[in-house]
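Note sheet for the following structure.
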Amino acid sequence: MNRRVYLDHNASTPVHPEVLQAMLPYFSERFGNPSSVHGFGREARDGMETAREQIADFLKVSKDEIVFTSGGTESDNLGIKGLAAARGSGHIITSQIEHHAVLRTVQTLEEQGFTATYLPVDGDGMVNPDDVKKALRADTILVSLMGANSEVGTLQPIREIGRITREAAVPLHVDGVQTVGKVPIDMGAFGIDLLSFSGHKIYGPKGVAGLYIRKGTKMASIQHGGEHERRRRAGTENVAGIVGLGKAVEIRGRDMAVEGARLTALRDRLWEGVRAGVAEVRLNGHPTERLPGTCNVCFHDIESESIVLGLDLKGIGVSAGSACTSGNVEPSYVLEAKGLPLDWAMGSVRCSLGRGTTAEDIEYVIESVVPLVAKLKTLSPVAGAAPAVS
Ligand SMILES: Cc1ncc(COP(=O)(O)O)c(C=O)c1O
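Note that the sequence shown covers residues 404 to 793 in the numbering used here.
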């Protein structure tokens with residue numbers, strides 16, 4: 404039996420045992436509708452409000468500024484479309500490397516008459532704050548940028564960007580789905596007006612997330628129905644999920660610093676091990692300003708799918724930077740925006756480490772990937788065939 408090593412924590416994480424324990428009663432005895440006035444409803448509401456407090460405490464914001472949603476995607480949609488709908492028209496600044504939850508939302512708004520600027524990034528995947536400043540216009544209604552990139556892990560200079568948006572009195576939305584609970588965020592100092600975060604990236608359940616909305620930010624609802632979430636997001640709340648999200652955030656507050664240092668060391672060891680064993684390999688993302696657990700590398704003239712499949716045969720779960728659409732393998736738009744040549748971008752592999760990752764796991768991955776790449780190299784240029792892995 405192969406060892407099993409999960410290195411895809413930026414895609415999703417296992418629910419923390421303490422999170423699961425906190426959630427369980429809300430599927431059974433505390434099942435009430437949190438909008439109901441009776442005791443059953445109050446019990447559910449209490450659980451939900453405790454979660455709101457846990458998140459508000461972690462972010463050091465007021466609990467009234469937290470709205471629960473069905474996922475990071477909805478949080479991004481609510482933040483961007485909700486603000487745009489309240490303004491009616493105007494210009495939005497974002498970047499070329501945002502998650503599709505932001506990119507496609509902004510593109511949809513463009514179809515409705517809004518205008519947009521998609522900022523470039525440098526070779527490390529970083530937005531230049533000066534570019535934000537230059538892109539601002541009299542009719543700019545929003546700047547939306549991610550705190551950390553899911554593919555390469557680069558952390559954006561949100562503090563500097565927040566200073567610029569605040570000076571210009573333009574709201575700043577941060578897609579913090581990969582950031583919240585992984586690296587510190589100082590909401591006050593960063594000048595963030597809207598912040599998206601999601602449960603399943605931080606050992607909470609899937610399909611539950613939140614949006615921080617700074618008090619006074621003019622927003623319209625994008626989903627219509629009941630009076631839930633102070634009329635900011637209609638629909639009966641996912642109480643058990645929200646309880647889990649609150650607990651997950653609370654645990655991150657407790658464990659984030661120590662675990663971040665441990666993951667950074669493991670991530671760096673992984674890169675060193677791979678670099679020592681493979682001649683043509685590059686690290687993607689910023690060398691230091693990067694998520695603790697993210698190590699995205701590209702191998703020259705090898706298709707990333709072949710590496711992902713080869714490692715899968717070894718029980719290792721990583722993700723490919725390239726995507727296969729209708730038979731054609733396409734490089735990641737994030738790597739393209741970074742200016743990576745195609746013969747490198749096609750061979751990118753993302754390893755994202757998490758709380759269960761051990762030093763032994765990392766050694767096993769290094770021992771597996773080095774001979775696999777050597778074998779695939781013999782099939783190069785751009786090996787499309789399935790790898791022969793022993
Ligand atoms: C940066 C970023 N934003 C948004 C999302 C979407 O979040 P969810 O999966 O909770 O809808 C993701 C998910 O990968 C992400 O990485």
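Idealized CB from N, CA, C, for every residue including glycine.
Looking only at Leu669, Ala538, Ala459 and Ser415, the smallest Cα-Cα distance to Lys604 is reached by Ser415. As the crow flies, the alpha-carbon of Gln559 is around 24 angstroms from that of Ala541.
In this structure, Leu756 lies near His412, with their beta-carbon atoms less than 8 angstroms apart.
Here Ser751 is buried, its C-beta having at least 16 other C-beta atoms within 10 Å.
Of all C-beta pairs linking the segment 649–659 to the segment 508–524, fewer than three are shorter than 8 angstroms, placing the two stretches out of contact. The Cβ atoms of Ser599 and Gly493 lie no closer than 8 angstroms to each other. If you check the C-beta of Ser553 against ligand 1, you find a heavy atom less than 7 angstroms away.
In this model, Val681 and Leu423 are separated by some 41 angstroms (Cα to Cα).
The residue from Glu452, Ser547, Gly629 and Arg635 with its alpha-carbon nearest to that of Gly619 is Arg635.
Fewer than three Cβ pairs drawn from the segment 417–434 and the segment 625–640 lie within less than 8 angstroms of each other, which leaves the two stretches out of contact. Two segments are said to touch when three or more pairs of C-beta atoms, one from each, lie closer than 8 angstroms; by this definition the segment 495–509 touches the segment 543–555. For Asp578, DSSP records a beta bridge to Met549 and Ser599. No Cβ-Cβ contact shorter than 8 angstroms links Pro690 with Gly663.
Within the segment 448–518, the complete alpha helix (DSSP H) runs of at least 4 residues fall at 475–490 and 503–514. In terms of side-chain proximity, the C-beta atom of Gln581 is found nearer than 7 angstroms to a non-hydrogen atom of ligand 1. In this structure, ligand 1 has no non-hydrogen atom nearer than 7 angstroms to the beta-carbon of Asp411. In the three-state reduction of the DSSP assignment, Thr781 falls in the coil class. Apart from sequence neighbours up to five positions away, the residues of its chain that approach Ala637 with a beta-carbon distance below 7 angstroms are Ser624, Gln626, His627, Gly628, Gly629 and His631, ordered along the chain. The beta carbon of Lys585 sits closer than 6 angstroms to the beta carbons of Leu694 from its chain, once the five residues preceding and following it are set aside; these are given in chain order. Look at the beta carbons and you see the segment 737–752 touching the segment 702–717: at least three pairs across the two are nearer than 8 angstroms.
Straight-line spacing of the CA atoms in Ser709 and Ala668 works out to 27 angstroms.
Counting only residues of its own chain and dropping the five nearest sequence neighbours on each side, Glu692 has a CB closer than 6 angstroms to the CB of Leu558. In the DSSP annotation of this structure, Phe702 is not part of any alpha helix (DSSP H); the continuous beta strand (DSSP E) holding it starts and ends at Thr697 to Phe702.
Each residue's CA atom was taken as its position, placing Leu743 and Ser735 some 10 angstroms apart. Between Arg670 and the set Gly688, Arg655, Ile654 and Glu683, the nearest pair of CA atoms involves Gly688. A direct Cα-Cα distance of roughly 36 angstroms separates Ala740 from Lys650. Judged by the Cβ position, Ser601 qualifies as a neighbour of ligand 1 at the 7 angstroms threshold, a heavy atom of the ligand being closer than this. For Thr476, the CB falls within less than 7 angstroms of some heavy atom of ligand 1. With contacts defined by Cβ atoms closer than 8 angstroms, Val677 and Val772 form a contacting pair.
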